[in-house]
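Residue numbers (my numbering): 1 to 298.
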Ligand SMILES: [Fe+2]
């Protein structure tokens, strides 16, 4: 809770204000970049500050921290051994790295913050999308956690403490997915250059290249990730059961003769087509939000 005793926003509508829900859903549908300065600077403060995050992280074990807690500067990541003590995250060591301009990144923090869990749950049940929350803490002027990159998920950024300069560049990678081939930013075109202050909201749709730098004081911001289903996920799920069919596990390099290769090719195609034809996109969309979330890279 904040000093004023205000509760954290626990619904999507409260979180995205001053945007209305229909404005936000429209931005989400169109994957359109949007910046909305907040009129109430401390409105996101009850979620989590650096002091509260320090306490949460202190109980996190090595196994749980894997892929979820990172200490990084411009995508240069410090191995966990250097910020853990006796198999647990050591907040004092994190402070030392923060003082050197590194960022602390913690993903999936909704597990520790009920108001964020409620928002993620609303995104899952109403929007039918997977969702999780990450927090990035940075101190020191000009420091950023990651080099210029894009995230495949749509991101609502909420600035909690301090300031952070966000630069967003095009050309945008349209409808990106985490498994797609690596992309390069060529002929960058500035789309946005703003210093976010506490209470500000920024919507960075998937595929928008970005870079962040913190201001003078410690900066804390949240990223709410929206992970929608795509046709690629549906096709993958539909054909995955074929691995249980021994025919799909035969070593192709050891088949004797072109005729055997041709026969197997026919059978493989027929069974794969049968699986793909059984795909029910409505059902896939309806159950997507209950599925696992791949650990996000950044
Ligand atoms: Fe990012």
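Think of the CB as a built atom: it goes at the ideal place given N, C-alpha and C, for glycine as much as any other residue.
Under the three-state reduction of DSSP output, residue 34 falls in the strand class.
Sequence-distant partners of residue 281 (beyond 5 residues in either direction) whose C-beta falls short of 7 Å from its own C-beta, in its chain, are 234. Residue burial annotation: residue 231 is exposed, with fewer than 16 other C-beta atoms found within 10 angstroms of its C-beta. Contact check for residue 44 against residue 194 fails: the beta carbons are separated by 8 Å or more.
Boundaries for residue 283: no beta strand (DSSP E) harbours it, while the alpha helix (DSSP H) harbouring it runs 281 to 288, taken from the DSSP string. Rounded to whole angstroms, the separation of the alpha carbons of residue 292 and residue 268 is 29 Å. For residue 106, the enclosing beta strand (DSSP E) covers residues 103 to 107. For residue 266, the enclosing alpha helix (DSSP H) starts and ends at 258 to 277. The C-alpha of residue 103 lies about 36 Å from the C-alpha of residue 237. Membership of residue 12 in the alpha helix (DSSP H) is indicated by the continuous run 12 to 16. Contact between the segment 149 to 159 and the segment 219 to 226 is present: 3 or more CB-CB pairs across the two stretches fall below 8 Å. Judged by DSSP secondary structure, residue 64 falls within the alpha helix (DSSP H) whose first and last residues are 62 to 65. For residue 162, the secondary structure class from DSSP, reduced to helix, strand or coil, is coil. The segment 212 to 266 is shown to contain whole beta strand (DSSP E) runs of 3 or more residues at 219 to 227, in chain order. For residue 151, the shortest separation between its Cβ and any heavy atom of ligand 1 lies below 7 Å.
In this structure, residue 60 lies near residue 89, with their beta-carbon atoms less than 8 Å apart.
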